[in-house]
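Visitor: Residue numbers (this note's numbering): 53 to 235.
Structural data, given as structure tokens:
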């Protein structure tokens with residue numbers, strides 16, 4: 053049985069539950085991955101597909117999206133399931149990996165075209181993180197200066213050359229090495 057829980061959330065329930073709940077996250081398309089959720093339900097998983105930006109009351113773009121949004125979805129799945137997993141594509145994979153780092157209830161993550169770092173996002177005339185936790189932007193890898201001008205000029209994100217930068221960040225300090233507590 054499948055149902056639209058809200059305008060931004062679709063839940064596919066299996067006929068024969070296996071005890072696993074899966075949160076399904078799209079990437080920068082912003083769509084609700086209903087087909088993928090239904091496929092998982094046919095194989096026994098309760099699958100919740102959600103829009104995580106661009107919906108009512110949500111961030112308009114994947115910029116400073118609160119990880120608490122995904123933790124709330126894990127809450128809903130964990131209430132009825134023995135195990136919770138997250139599958140995400142591209143930016144959704146980034147969200148899935150970060151959520152799993154901060155929520156021990158997530159038993160597995162499937163990342164489709166994931167990244168190994170949190171990238172910066174240019175929105176609202178400034179650079180910041182794609183993600184927040186507790187109201188604070190997560191640390192991110194900045195992109196080369198000047199990219200925002202080209203982005204505004206071309207309006208074609210696919211035409212931009214994205215290059216990671218290991219030199220001075222937005223505060224003028226370079227990084228030789230670093231450590232992070234991911235727990």
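Just so it is clear, CB atoms sit at the ideal spot from N, CA and C, and this is done for glycine as well.
Nearest to residue 142 by alpha carbon, out of 56, 169, 66 and 128?
Guide: 169
Visitor: On the DSSP bridge assignment, give the partners of residue 250 in chain order.
Guide: As displayed, the chain neither begins before 53 nor continues past 235, which places residue 250 out of reach and without an answer.
Visitor: Can you tell which of 54, 108 and 69 has the C-alpha that lies nearest to the C-alpha of residue 87?
Guide: For residue 87, the nearest C-alpha among the options comes from 54.
Visitor: According to DSSP, what are the bridge partners of residue 95?
Guide: DSSP output for residue 95 lists no bridge partner at all.
Visitor: Using alpha carbons as the reference points, say which of 188, 132, 135 and 98 lies closest to residue 117.
Guide: 188
Visitor: Which residues in the same chain as residue 108 place their Cβ atom closer than 8 Å to its Cβ, once the five residues preceding and following it in sequence are excluded?
Guide: 59 and 60
Visitor: Use the C-beta contact count for residue 146: other C-beta atoms within 10 angstroms, 16 or more gives buried, fewer gives exposed.
Guide: buried
Visitor: Can you name, in chain order, every residue of its own chain whose Cβ lies under 7 Å from the Cβ of residue 111, other than the five neighbours on each side?
Guide: 105 and 117
Visitor: Rounded to the nearest angstrom, what separates residue 115 and residue 167 at their Cα positions?
Guide: 16 Å
Visitor: Here's the rule I'm using: 16 or more other beta-carbon atoms within 10 Å means buried, otherwise exposed. How should residue 57 be labelled?
Guide: exposed
Visitor: Is residue 195 helix, strand or coil when you go by DSSP?
Guide: strand
Visitor: Between 82, 78 and 91, which has its C-alpha nearest residue 65's C-alpha?
Guide: Ranking 82, 78 and 91 by CA distance to the CA of residue 65 puts 91 first.
Visitor: Please specify which runs of the beta strand (DSSP E), each continuous and at least 3 residues long, are wholly inside the segment 104 to 165, giving them in chain order.
Guide: Entirely contained in the segment 104 to 165, the beta strand (DSSP E) runs reaching 3 residues are, in chain order, 135 to 141 and 158 to 164.
Visitor: Quick check on residue 83: does DSSP put it in helix, strand or coil?
Guide: coil
Visitor: So the candidates are 77, 128, 62 and 122; which of them puts its Cα closest to the Cα of residue 185?
Guide: It is 122 whose Cα lies nearest to the Cα of residue 185.
Visitor: Between residue 209 and residue 70, what straight-line distance do the alpha-carbon atoms span, to the nearest angstrom?
Guide: Residue placement at residue 209 is flagged as unreliable, the pLDDT there being 45, under the threshold of 50; a coordinate-derived value is accordingly withheld.
Visitor: Identify whether residue 55 lies in helix, strand or coil by the three-state DSSP scheme.
Guide: In this structure, residue 55 counts as strand in the three-state DSSP scheme.
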